[in-house]
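S.K.: Going line by line, the protein sequences match chains A and B. Each residue of the first sequence is one higher than the one before, starting from 0 at the first, in numbering that gives the first Met the number 0. Each residue of the second sequence is one higher than the one before, starting from 0 at the first, in numbering that gives the first Met the number 0.
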Amino acid sequence: MIPTIKNSKWLPLCDVPVLDPSSWRQVIVQNVREGDRIAALFGCTHNASVPVRLYALLARDGQGTLSVLCTDVEKDYPSLTPECPQAHWFEREIFEQWNIIPQGHQWLKPIRFHAPYASSTKTSPPIGEADFFQLLGNEIHEVAVGPVHAGVIEPGHFRFQCHGEDVYHLEISLGYQHRAIEHSLIGGPNKRTLPYMETLAGDTTVGHTTAYCQLVESLAGCTVSSPLLRLRAIALECERLANHIGDLGALAGDVGFLPTASFCGRIRGDFLNLTAELCGSRLGRGFIRPGGVAFELDTSAFHGICERLTSVSHDARSAIDLLWNTASVVARFENTGTLSQAAARDLGLVGLAARASGVKIDVRKDFPCGAYADEPFPVQWGEKGDVYSRAYLRWLEILQSIHFIIDKQERFVPNAVQTQIGNLQPSSLAVSLVEGWRGEICHVGLTDDQGKFAHYKIIDPSFHNWFGLAMAMRNQLISDFPLCNKSFNLSYCGHDL
Amino acid sequence: MIKSLWTRLKQHHRTIAFPKQEPRLPEKFRGLPSIVQSRCPKHCSECVTSCPTDAITMKDKQPHWDLGRCLFCPECSRACPHGAVLFTDDYRMATRTRDNLVIGPKEYGLAQPLEDQRRKLFGKSFKLRVVSAGGCNGCEVETNVLETIVFDIGRFGIGVVASPRHADGLIITGPVTHNMKSALEKTYRAVPDPKVVIAVGACAISGGPYIDSPVANNGVGNLLSVDLYIPGCPPHPLTILDGLLRLLGRRYSTSRR
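1. List the DSSP bridge partners of residue 71 of chain A.
2. Quick test of the definition: if touching needs 3 or more C-beta pairs under 8 angstroms, does the region 390-399 of chain A touch the region 411-423 of chain A?
3. Using only the heavy atoms of the ligand ATP, determine whether one of them is closer than 6 angstroms to the beta carbon of residue 78 of chain A.
4. Here's the rule I'm using: 16 or more other beta-carbon atoms within 10 Å means buried, otherwise exposed. How should residue 443 of chain A be labelled?
5. Does residue 126 of chain B come out as helix, strand or coil in the three-state DSSP assignment?
6. In chain order, what residues of the region 254-279 of chain A put their CB closer than 7 angstroms to some CB of chain E?
7. Applying a beta-carbon distance threshold of less than 9 angstroms, which residues of chain A neighbour residue 161 of chain B?
8. Between which two residues does the beta strand (DSSP E) containing residue 493 of chain A stretch?
9. Ignoring anything shorter than 3 residues or poking outside the region 81-121 of chain A, list the beta strand (DSSP E) runs there in chain order.
10. In chain A, what lies closer than 7 angstroms to residue 148 of chain B by C-beta?
11. Is residue 108 of chain B near residue 94 of chain B, with beta carbons less than 7 angstroms apart?
12. Would you mind telling me which residues of chain B sit closer than 9 angstroms to residue 176 of chain A, beta carbon to beta carbon, in chain order?
13. Does any residue of chain A have a CB that is nearer than 7 angstroms to the CB of residue 125 of chain B?
14. Just how far apart, CA to CA, sit residue 182 of chain B and residue 342 of chain A?
15. Are the beta-carbon atoms belonging to residue 149 of chain B and residue 268 of chain A less than 7 angstroms from one another?
16. With DSSP as the reference, label residue 66 of chain A as helix, strand or coil.
17. For chain A, is any of its Cβ atoms less than 7 angstroms away from the one on residue 29 of chain B?
18. Among all the DSSP beta bridges, which residues are the ones paired with residue 228 of chain B?
19. Taking a Cβ distance cut-off of 9 angstroms, strictly less, list which residues of the region 54-70 of chain B are near chain A, in chain order.
20. Report yes or no: do three or more beta-carbon pairs, one from the region 162-176 of chain B and one from the region 219-229 of chain A, lie closer than 8 angstroms?
21. In three-state terms, what does DSSP make of residue 140 of chain B?
22. Sorted by chain position, which residues of the same chain lie with C-beta nearer than 8 angstroms to residue 425 of chain A's C-beta, five sequence neighbours on each side aside?
23. Where does residue 14 of chain B land, buried or exposed, given buried means 16+ other C-beta within 10 angstroms?
24. According to DSSP, simplified to helix, strand and coil, what is residue 63 of chain B?
25. If I'm right that residue 162 of chain A touches residue 139 of chain A with Cβ under 8 angstroms, what's the distance once you round it to whole angstroms?
26. In chain A, which residues lie with their C-beta within 7 angstroms of the C-beta of residue 186 of chain B?
27. Listing by chain order, which chain A residues have their CB less than 9 angstroms from the CB of residue 116 of chain B?
28. For residue 234 of chain A, report the span of its alpha helix (DSSP H) as first-last.
29. Between which two residues does the beta strand (DSSP E) holding residue 508 of chain A run?
30. Helix, strand or coil for residue 159 of chain A, going by three-state DSSP, please let me know.
31. How many Å lie between residue 25 of chain B and residue 235 of chain B at the Cα?
32. For the alpha helix (DSSP H) that contains residue 483 of chain A, what are its first and last residues?
33. Taking any Cβ of chain B, which residues in the region 316-333 of chain A have a Cβ under 9 angstroms from it, in chain order?
34. With DSSP run on the structure shown, which of helix, strand or coil describes residue 462 of chain A?
35. If contact is defined by three or more beta carbon pairs under 8 angstroms, each pair taking one atom from either stretch, is the region 27-38 of chain A in contact with the region 82-96 of chain A?
36. Who does residue 158 of chain B pair with in a DSSP beta bridge?
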């Protein structure tokens with residue numbers, strides 16, 4: 000019997016069944032066939048008697064549960080990827096971190112270019128030097144871009160295999176932002192832990208810090224009062240607002256539609272400034288803390304925020320209406336970078352990108368936690384999975400987030416106090432899911448017998464979704480890459496950790 | 000077309016009057032830290048132990064504050080039992096040297112302009128290439144907004160260019176991860192001389208939250224010679240803009256109003 004766990008709950012490590020590698024594999028393949036998603040798949044060595052233990056957490060979205068199972072491996076195990084493509088990136092990570100070979104995986108290349116954790120002798124391959132996929136033929140040419148890009152963005156390397164303007168394949172090679180955060184978290188929590196969480200992905204500070212806080216609160220048996228949970232949810236929705244409107248502006252810019260591009264640049268700043276009203280930082284730094292939030296908010300300040308939000312939302316509506324009413328913009332968005340629902344499911348995409356392809360998953364609905372558990376959250380989705388679907392869904396989610404925040408006015412209770420959290424449950428496993436603006440953020444914490452982190456696993460939504468971008472680029476014009484890329488807007492640092 | 004124009008009218012003029020007018024910052028904004036000497040009992044070190052990056056040290060019974068390491072998190076002010084640690088709303092914090100980032104008994108040394116040769120060259124047209132060398136994308140977010148209509152750095156002749164060969168200098172963010180070191184060095188070499196190097200954010204200055212990481216450098220200072228340090232995690236866009244204007248000799252005042 001495989002145990003299941005709910006969002007932001009823990010279970011003793013001894014309750015997790017250790018299967019032999021082949022039945023472990025079989026359970027995962029079978030469950031994924033029945034509709035589960037791989038939320039986490041990782042190796043760790045918290046137990047000195049086994050070389051590497053592989054954990055799998057399978058999310059069953061309809062039921063709001065995660066199955067947890069593990070297996071011990073020494074050098075290799077039969078790969079999941081041939082039957083379960085969504086394991087592809089996870090298995091490359093396991094190979095890179097632990098030097099464990101998933102036998103039968105056809106694309107075992109590093110994803111972050113660092114030396115393996117397990118052996119001290121093996122060094123990392125030089126960054127960006129890998130056996131890149133190549134298309135051969137007289138008229139085929141390869142375009143290499145990055146790591147340093149032409150805009151103010153993070154580093155990453157892209158290789159396009161092109162025939163004329165058509166892209167046959169895009170390979171994405173990351174790792175330039177690798178800071179070894181997961182490794183540094185071992186032995187925590189300590190005073191560095193929160194800054195690490197806040198800088199996993201700077202544009203998702205609230206999302207990742209909330210995921211961490213939910214996790215340690217569950218392990219400490221700490222209950223956070225509902226006014227504080229509502230404040231966290233408000234900050235999370237503010238983060239979504241700022242990023243979504245910024246992306247819509249950038250998409251407009253990528254098709255050369257400058258009015259909406261410049262309006263949205265400003266409106267995004269207005270949303271960031273609302274977050275700064277909550278905590279002093281435009282990115283939500285210093286706000287979410289274990290046991291609650293670091294800053295109080297009184298009723299008049301919250302009403303002030305809601306008033307500003309209402310006024311900004313009018314500006315947002317006029318800026319975005321212009322986008323949908325401009326035929327040349329819509330024509331560029333439609334049927335560009337299409338990702339089918341089947342591909343999105345197979346690759347295990349999460350969040351906005353998955354929903355735009357018609358996969359109706361949302362942590363706020365499927366694994367509700369905190370303020371989202373108060374009432375059912377209506378999930379929204381698109382149909383076609385093209386740039387238009389991803390753009391339009393952003394707008395729908397903006398409207399929903401504005402409504403969510405303003406709706407909290409009536410029940411707003413000020414002067415809530417942060418609870419102190421105690422020691423963490425020893426020898427346990429806890430999982431925490433948050434629907435960040437990109438999608439599902441998954442944190443898994445394993446504690447040792449002292450209640451310190453023996454292993455801490457972070458899965459940013461970008462980890463699932465980068466391969467989705469590569470697939471969406473197939474048979475597209477290379478000049479549409481900026482547009483497709485922006486429509487996903489994935490995180491480099493959230494992936495590289 | 001008419002709809003576009005109508006929307007344009009409705010969106011109004013949004014560029015801030017900075018630097019002619021001082022900006023309005025959020026009430027909880029954490030700018031230049033300050034210690035209320037009368038409240039600080041000098042023998043406790045709660046602020047020192049609470050700091051995640053060891054930015055605060057006690058010297059001669061006086062807390063010294065290294066803004067190059069400071070993440071501007073609220074931990075020290077929350078930890079101080081005497082209410083002696085405050086964050087003021089002063090957003091101006093850029094300096095020309097690493098040492099000037101330390102707040103102690105001396106007056107805080109805000110950035111002075113470039114020397115004559117570079118100032119003449121770059122004073123009216125200053126084009127920068129941004130290299131993100133690790134970090135969390137937060138500094139990039141706050142650098143990027145300088146190009147929006149709110150800050151509109153184009154009006155000062157400052158801009159971001161796509162190629163290092165077209166640039167007068169580099170803005171560097173992030174602690175310089177080992178995986179970005181060679182790309183950063185190549186980009187630096189591609190910028191024609193004379194050039195300017197600007198370190199934006201705690202990571203680029205000291206390593207920030209990643210100080211002493213096994214896979215990253217402690218900032219850019221020991222790799223390249225830095226002309227301007229802009230502290231913060233991330234710095235407010237106005238902190239960056241103020242620093243750039245001071246570097247170009249277009250802003251001198253030390254008093255706020």
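No residue lacks a Cβ here, since even glycine has one placed at the ideal position from N, Cα and C.
M.R.: The relevant details are as follows:
1. A:52
2. no
3. Within the structure as shown, the ligand ATP is missing, as the structure has no ligands at all.
4. buried
5. strand
6. The structure shown contains no chain E; its protein chains are A and B.
7. 148, 149 and 150
8. Counting along the chain, residue 493 of chain A falls outside any beta strand (DSSP E), though it belongs to the alpha helix (DSSP H) covering 491-495.
9. For the region 81-121 of chain A, the continuous beta strand (DSSP E) assignments of 3+ residues that do not extend past its boundaries occur at 100-102, in sequence order.
10. 261, 264 and 265
11. yes
12. In chain order, 131, 132, 133, 134, 135, 136, 173, 176, 178 and 179 make up the part of chain B whose C-beta sits under 9 angstroms from the C-beta of residue 176 of chain A.
13. no
14. The alpha-carbon atoms of residue 182 of chain B and residue 342 of chain A are separated by roughly 34 angstroms.
15. Yes, these two residues count as a Cβ contact at 7 angstroms.
16. Secondary structure of residue 66 of chain A (DSSP, three-state): strand.
17. yes
18. B:94 and B:198
19. Under the 9 angstroms Cβ criterion, the region 54-70 of chain B contributes 70.
20. no
21. Three-state DSSP puts residue 140 of chain B in a helix.
22. 446, 447, 448, 449 and 450
23. exposed
24. strand
25. 6 angstroms
26. 147
27. Per Cβ cutoff of 9 angstroms: no residues; residue 116 of chain B is ~27 angstroms from chain A at best.
28. 225-253
29. In the structure as shown, chain A starts at 0 and stops at 496, and residue 508 of chain A therefore has no counterpart that could be examined.
30. strand
31. 11 angstroms
32. 480-487
33. 317, 318, 320, 321, 324 and 325
34. helix
35. With the cut-off at 8 angstroms, the region 82-96 of chain A and the region 27-38 of chain A touch.
36. Note: residue 158 of chain B sits in a beta bridge opposite B:126.
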